[in-house]
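Participant: Attaching a single structure in structure tokens format; questions to follow.
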Amino acid sequence: YFERVLSLYLIAYAENHWLLQVKDITQTDRLDGMRRDFVANVSHELRTPLTVLSGFVETLQEIDVDTESRQHYLQLMGEQSQRMQSIVQDLLTLSSIESAPPPEDQQVDMATLVDKLRRDAEALSAGRHRILLESEGQGDLLGSESELVSALANLVSNAVRYTPAGGSITLIWKISAAGAEFAVQDTGIGIDPKHIPRLTERFYRVDRGRSRDAGGTGLGLAIVKHSLSRHQATLEITSKPGEGSRFAAKFPSSRVTGV
Ligand code: ADP
Numbered sequence: 171y172f173e174r175v176l177s178l179y180l181i182a183y184a185e186n187h188w189l190l191q192v193k194d195i196t197q198t199d200r201l202d203g204m205r206r207d208f209v210a211n212v213s214h215e216l217r218t219p220l221t222v223l224s225g226f227v228e229t230l231q232e233i234d235v236d237t238e239s240r241q242h243y244l245q246l247m248g249e250q251s252q253r254m255q256s257i258v259q260d261l262l263t264l265s266s267i268e269s270a271p272p273p274e275d276q277q278v279d280m281a282t283l284v285d286k287l288r289r290d291a292e293a294l295s296a297g298r299h300r301i302l303l304e305s306e307g308q309g310d311l312l313g314s315e316s317e318l319v320s321a322l323a324n325l326v327s328n329a330v331r332y333t334p335a336g337g338s339i340t341l342i343w344k345i346s347a348a349g350a351e352f353a354v355q356d357t358g359i360g361i362d363p364k365h366i367p368r369l370t371e372r373f374y375r376v377d378r379g380r381s382r383d384a385g386g387t388g389l390g391l392a393i394v395k396h397s398l399s400r401h402q403a404t405l406e407i408t409s410k411p412g413e414g415s416r417f418a419a420k421f422p423s424s425r426v427t428g429v
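Residues 171 to 429, numbered by the UniProt record's numbering, are exactly what the sequence shown covers, in order.
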């Protein structure tokens, strides 16, 4: 109730009367804070791989290394630059979703898209998981195909990355006149409930080291949230540590077509 930020300006003072202007700048102040945090986070995220990379460059310049070690260093350097590329790519995706007006709606052929996501899951898993597909009802979505792909593919790749080998990943696509749902259910590491409300914040991770080792940027679910909100869709997350998670994108009936 008291957490408002006000700015006060003395505009005039005359004949024992004050003219004060009081402005509620809570929103602007909050946005400024978010922007500062974001810039600090981006710098930090890029600085880490950059430091490692320049360390290797120095090592290669200073000491005589045999061909095998040289190859090893070059591979590690390649991984760090790949990491920076993924971060920059995700930042660009996020900024285009946030700043550009939504592209004109098209009818997105969901049977084809869901099948492509299943094939993506199989490719990413490379035989380490059981990939299942459950589909109910027929129809398509109205929206931007590229934004839907970037949202739903992120859910799929997270499921693969956070599910140990031997687990299963189920893609569920349900459509009815009441609305549509695309869900990804995994038998992976799960998430402690206290983290769930913050998962869609940029760069928020439950376990930073694990995310980095899994090739994560910490931006995936922020992209999911923004892409979905442009389709008036919501993201529902349910999870149990050690048992698995379910990420469901729910679309209103106004987005469903051809039922
Ligand atoms: P990241 O690139 O780190 O995966 P995301 O924004 O995609 O970033 O996800 C944020 C965090 O949410 C991850 O770091 C991870 O801790 C958690 N998370 C996302 N998906 C899953 C999942 N299917 N199972 C367990 N944890 C997950």
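Even for Gly, the Cβ is constructed at its ideal location relative to N, Cα and C.
On the premise that PHE421 lies in contact with HIS401, defined as a C-beta separation below 8 Å, what is that separation, rounded to the nearest angstrom?
Facilitator: Their Cβ separation, rounded to whole angstroms, is 6 Å, which keeps HIS401 and PHE421 in contact under 8 Å.
Participant: Pick out every residue whose C-beta is nearer than 5 Å to a heavy atom of the ligand ADP: which are they, in chain order?
Facilitator: Qualifying residues, in the order they occur: ASN328, ALA329, TYR332, GLY358, ILE361, LEU369, ARG375, VAL376, SER381, GLY386, THR387, GLY388, GLY390, LEU391 and SER415.
Participant: For MET280, which residues from the same chain have a beta carbon less than 6 Å from its beta carbon, with the 5 sequence-adjacent residues on both sides left out?
Facilitator: The residues are ASP310 and LEU311.
Participant: Between the region 201-208 and the region 223-231, do at least 3 Cβ pairs fall closer than 8 Å?
Facilitator: They do not touch, by the three-pair rule.
Participant: Suppose you measure from the CA of THR291 to the CA of THR387; what does that come to, to the nearest Å?
Facilitator: According to the sequence as given, residue 291 is Ala; it is not Thr. Taking the straight line joining both Cα atoms gives about 18 Å.
Participant: Using the beta-carbon count (16 or more within 10 Å), is ARG206 buried or exposed?
Facilitator: ARG206 comes out exposed.
Participant: With a floor of 3 residues, list each beta strand (DSSP E) that falls wholly inside the region 303-364, ordered by position along the chain.
Facilitator: Within the region 303-364, the complete beta strand (DSSP E) runs of at least 3 residues are 310-313, 338-346 and 349-356.
Participant: Tell me which residues share the same chain as LYS368 and place their Cβ nearer than 7 Å to its Cβ, disregarding the 5 neighbours each side in the sequence.
Facilitator: The question names Lys, yet the displayed sequence has Arg at residue 368. Excluding sequence neighbours, ARG368 sits near TYR374.
Participant: Under three-state DSSP, which class holds ARG400?
Facilitator: Three-state result, ARG400: coil.
Participant: Mark TRP343 as exposed unless 16 or more other C-beta atoms lie within 10 angstroms of its C-beta, in which case mark it buried.
Facilitator: By the 10 Å Cβ count, TRP343 comes out buried.
Participant: Go to GLY379, then tell me how far its alpha helix (DSSP H) extends in each direction, as first and last residue.
Facilitator: Element bounds for GLY379: 378-383.
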